[in-house]
Structures are given as C-alpha cells and as structure tokens.
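K.L.:
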Amino acid sequence: MSLITWPYFAAAELRCKCGKCNSTGAEMDSAFMTELVTLRQQFGRPMALSSAYRCPKHPVEVNKPAPGEHCTGLAVDVRCRGEDAVQILRLAMNLKFTRFGISQRGNARFLHLGMAPAGGRFPSPAIWSY
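Counting from 0, one number per residue, gives the positions in the sequence shown under numbering that gives the first Met the number 0.
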C-alpha cells in the first residue's frame, strides 16, 4: 500500500493506533478522503480526528461481533463540540457522507462521519447517538 498524503490530515492521525499492526494511514479510502478534505475546506478551520482507520485488532473493534466501518477506511471520528459540531454536521450532510454518529456528552465529544455504501453491511443512510 503506497503512502498517500492528504491536505490538512497527517498520516499519524489517519493510521490505526492499536499498537499491534503496521498501519500507515494509507488504508483510508481515497474517495472518502476526498470528501473529508472538501469538508475541512468548507469548515475553514482545523478538524482534529480522534479516530480514523482501525485494524480488526484495535481494542474497540475486537469487542464487536464484526469489524466496524472504521476498518473499511470509510469513517472518521472528528473531535468537536457545540457550534462547531453543528456546523460540521450541516456541511457533512451536504456532501457524500451517509452515516452520522453523534456523541456530545462528557469530555470525549465527537461526530462519527461515515460513507459506507447503501445495501452493504452497514445501514446507510443512518444517524445515531452514543
């Protein structure tokens, strides 16, 4: 897998952080990343990612019956809160993102943005709260 660089997002924030794999961040889907870069440009400010690609060995994934959307390279969690979260969600809903998870309680607030195709293993379009 060749290393592709994306404006605004470092490979270190795109790679799996489980410590058990050799992820580089290149596992992210290129069409998804194109949309994420467009979202970042429209938002006009930095968007910190708390999670992007996760390998099946990642602690969050091993507790699931099957690997989640992050394992496909078609999802990120954007660390945000309040007005920023609302603005990011509004912008993302006008792009090609189809799956939205909202966590806006406690200290670890984020928006899950996914782009799993309709008719696949992940219901799409979908929105949920954590």
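Backbone N, C-alpha and C fix where the C-beta goes; we use that ideal spot for every residue, glycine too.
1) Have a look at K56 and E82 and give me their C-alpha separation to the nearest angstrom.
2) I need the straight-line Cα distance from D76 to A30, nearest angstrom please.
3) Taking C-beta to C-beta, are G24 and Y52 nearer than 9 Å?
4) For I126, count the other beta carbons within 10 Å of its own beta carbon; 16 or more makes it buried, fewer makes it exposed. Which is it?
5) Between which residues of its own chain and F121 is the CB-CB distance below 6 Å, once the five residues before and five after are set aside?
6) Using alpha carbons as the reference points, say which of G119, N106, S123, Q40 lies closest to F99.
7) Buried or exposed, going by whether 16 or more other CB atoms sit within 10 Å of the CB of T97?
8) If you count every other CB in all the chains shown that lies within 10 Å of the CB of T33, and 16 or more means buried, which is it?
9) Mind checking whether L18 and L73 have CB atoms under 9 Å apart?
P.N.:
So, from the data block:
1) Position 57 of the sequence shown, counting from 1, holds the residue named residue 56. Position 83 of the sequence shown, counting from 1, holds the residue named residue 82. If you take the alpha carbons of K56 and E82, they lie about 34 Å apart.
2) Against the sequence shown, residue 76 aligns to sequence position 77. Against the sequence shown, residue 30 aligns to sequence position 31. Each residue's Cα considered, the two are about 17 Å apart.
3) Position 25 of the sequence shown, counting from 1, holds the residue named residue 24. Position 53 of the sequence shown, counting from 1, holds the residue named residue 52. The answer is yes: Cβ separation under 9 Å.
4) Locating residue 126 in the sequence shown gives position 127, counting from the first residue. Flag for I126 reads exposed.
5) Position 122 of the sequence shown, counted from the first residue, corresponds to residue 121. So the qualifying residues of the chain are E68, A115.
6) In the sequence shown, counting from the first residue as 1, residue 99 sits at position 100. Comparing Cα-Cα distances from F99 to each of G119, N106, S123, Q40, the minimum goes to S123.
7) As a working note, residue 97 is residue 98 in the sequence shown. T97 is buried by the Cβ-count criterion.
8) Taking the sequence shown and counting its residues from 1, the one referred to as residue 33 is at position 34. Answer is exposed; the Cβ neighbour count stays below 16.
9) As a position in the sequence shown, residue 18 is number 19, starting the count at 1. As a position in the sequence shown, residue 73 is number 74, starting the count at 1. Before going on, a small fix: residue 18 reads as Gly here, not Leu. One thing to note: G18 has its Cβ no nearer than 9 Å to the Cβ of L73.
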